[in-house]
Every structure is written in C-alpha cells, then in structure tokens.
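Here's the structure, in structure tokens; my notes come after.
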Amino acid sequence: MLAVAVFILVWHNRLFTCARPTNYARQVAGVPRYVLDYAPLVYLDTREEFFPSDMYAQITNTHPEINLTTIDNPPEPLTLSNLHKLNRYGRNGRNVYLTSNIPVTSGPKWLTGIVPDSTGKTNNAVSAAIIINDHGSGLVDVFYTYFYAYNQGNTVLFQELGDHIGDWEHNMIRFESGKPLAIWYSQHGNGQAFTYNAAEKIGVRPISYSARGSHANYAIAGTHDHTIPDLNLPAGLIQDYTSKGMLWDPTLNSYFYNYLVNTTSFTSINDSPVGAMLFKGKWGDQQYPEEDPQQPPPFFGFWKYVSGPTGPWDKQLNRTKICPENGLLCIIRDELGP
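Taking my numbering, I'd label the letters of the sequence shown as residues 975 to 1312.
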C-alpha cells in the first residue's frame, strides 16, 4: 500500500510540475508557422504565487484614474477592444492608471492569476500577446509578451520592494527566412540575449524561466543577482529565483498582431482586440503616496508599492539589434550562463 501511495504521489508531481506541452505549437490562421513552431515555453518557479493572468480580467477588476482620482464618465463598458479610448485623457493616456477596485493589501483573488493545466494552458484566460514585426527581406522579429496581474518585488534585507499591479514581460526571437537566429529575455530594466542554438529547448522550442514573483525571464534555472544592470551573478543583494515548476505554453491562450512600423500601430490577426495594444496608459495602480495606509514607510528611499507598467507598445517593437536600444552593450551570448 505504501508503494502504491508513493507511486501516486510521484505521478501527481510529474503531472503538475513537469507536464510537457507538444514540441510544436498549434497553428493559427494568419500567423506564419515558424512563429509558433519556435515559440518559447515558460517554466514558472516551483514557489510561484502569481501566475499568468487574463488580460480582460485586469479591466473588469480595475477602474481608470489620473492622479489618484477616478476619471469622470470613461468609455463604458471598457473592453480590450476600446481600451485605447482612454488615450484621450491625461497626456494621450500616459497618465491613466488601471486602478484596482479592491485594496491590494486585502489580497484580491484575481491578482493570483491562473495556474496552467497539464498541457500548459491557462484555461479561460488570454495571458499573452504575440506581435510580429516584419522588417522585410526575410528579417522578422516576433515578440512573445506575457501578462501577469501582479508583480511581487524582490526581498532586500528582509524588505519586499517594488511590488506593483500589472506585469508585462517578454521574449523576442529574431528570424531570418523563417529560421530563428537569437532570443531576447526581458529582465527588469534590461535583459539578456542568446543565440537560438545556445538556448535550452524542448524539441525546437526555446525555454524561458520566469522568476518567482517578478517574472523576469532567464535562459537558465537558478539564482540570478541583478543588483548591477546588465550583469547577472549567481548571488548578490537583489536576487531572482527560477526553477522548473509549472510549464506554461503561452501560445495556447494568446492574441496575435502585426506591428506596423510606419504608423507605430497594430493590425489584428484572427480577430484579436487591438485596443489593448494601443492603450498608452499603465496596467495597474499608480504608486501609493506615503500617507496611503497601504504604503509602508520607505526603505532607504525605496518603496514596497510602485506604479504599474505600460503595455507591449512600449517594448521597443522596432529594434535594430536583438537588444533594446538603451545605451547598454548588446551582447549575444553563444553559451548558456548567468
């Protein structure tokens, strides 16, 4: 009986922490086959508490504010199709924050997201947007953007800092004539690039490790210190943690778009709602002021709760190099490492 119980426990753990989606992704009308065949698979950390989330749920559980004040008579009802209408407010939308209807300190359930099932799918949730930028002459950049309702900040000297509602992360793969050349992993203010050949894979699909809480993307499992920008070390003051927990296949629940460089706009593929991509505001609360009871006292000038992020439009979708153009050296590594 003991042996049977052990077998069931082992099988249960294999099923829910090591499930394997298919090596090749499903195909979608209007999306080049290689875009999905080589789409990243994402390992969530074994201790993750905030999972990929439904983009529309972020709208239904929030309301638009500017300067901590609710916008009068916003478009109703707000949807992913008309979200860009908020761009008519507050500096073309840039001062608009999708603010939680329930205080964050009460732990709203919607912030925890959706745990992927054994196939890697977030059921009843669209948790990703795949954006194609065709440069011409066979050169194509594909952005695989991932949405989480909550970002849990890093713990520094026993203080949790940098939490915010809403979290957009991404990988980008550069293709030439349908063949993957290199892959970018977003990490906080910067990230890392590797050749496609160097990346860990399941079949032909590269692996991205999502850090516990922060959801920064890494090419390997382990501890990642990001105290110094553009330098990952195996230990340090500000650490991310990645491991082989739940395996998420973002292609199973994604919207799809083409990015138009000349107009900095988007076209829908397969009836994906364009308004969500055009929205210039923030996908979460504005940083709570010091007098807000939700906001703990600052820790050496750093706050526990900061403002929510901008959406995929702000990920430098038209790059010359695989890396964003931020003044830092663009290194494309041909071996896996920190």
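Backbone N, C-alpha and C define an ideal beta-carbon position, used for all residues, glycine too.
Check, Outcome
"From the DSSP secondary-structure annotation, give me the bridge partner or partners of Pro1154.", "Phe1149"
"Where Ala1103 and Glu1050 are concerned, what is the direct C-alpha to C-alpha distance, given to the nearest angstrom?", "24 Å"
"Does any CB atom of chain B fall closer than 9 Å to the CB of Leu1211?", "Of the chains in the structure shown, none is chain B; there is only one protein chain."
"Run through DSSP, which three-state label would Lys1083 get?", "helix"
"For the beta strand (DSSP E) holding Gln1260, just list the boundary residues, first then last.", "It is not in any beta strand (DSSP E) - Gln1260 carries neither H nor E in the DSSP assignment."
"Please classify Gly1255: is it buried, with 16 or more other beta-carbons within 10 angstroms of its beta-carbon, or exposed?", "buried"
"Excluding the 5 residues preceding and the 5 following Ser1228 in the sequence, name in chain order all residues of the same chain whose CB lies nearer than 6 Å to its CB.", "Ala1102, Ile1104"
"Suppose contacts are defined by Cβ-Cβ distances below 9 Å. Is Asp1214 in contact with Thr1197 by that definition?", "yes"
"Taking only the alpha-carbon atoms, compute the straight-line gap between Arg1395 and Asp1199 and give it to the nearest angstrom.", "The displayed coordinates of the chain run from 975 to 1312. Any statement about residue 1395 would go beyond what the structure contains."
"Tell me, please, whether the region 1242-1259 touches the region 999-1007 by the rule of three or more beta-carbon pairs shorter than 8 Å.", "yes"
"Helix, strand or coil for Ile973, going by three-state DSSP, please let me know.", "One cannot answer for residue 973 here, as it falls past the ends of the chain, which runs 975 to 1312."
"Tell me the DSSP secondary structure of Thr1034 in three-state form.", "helix"
"Could you pull out every unbroken alpha helix (DSSP H) segment of at least 4 residues lying fully inside the region 1212-1287, listed in chain order?", "1249-1252"
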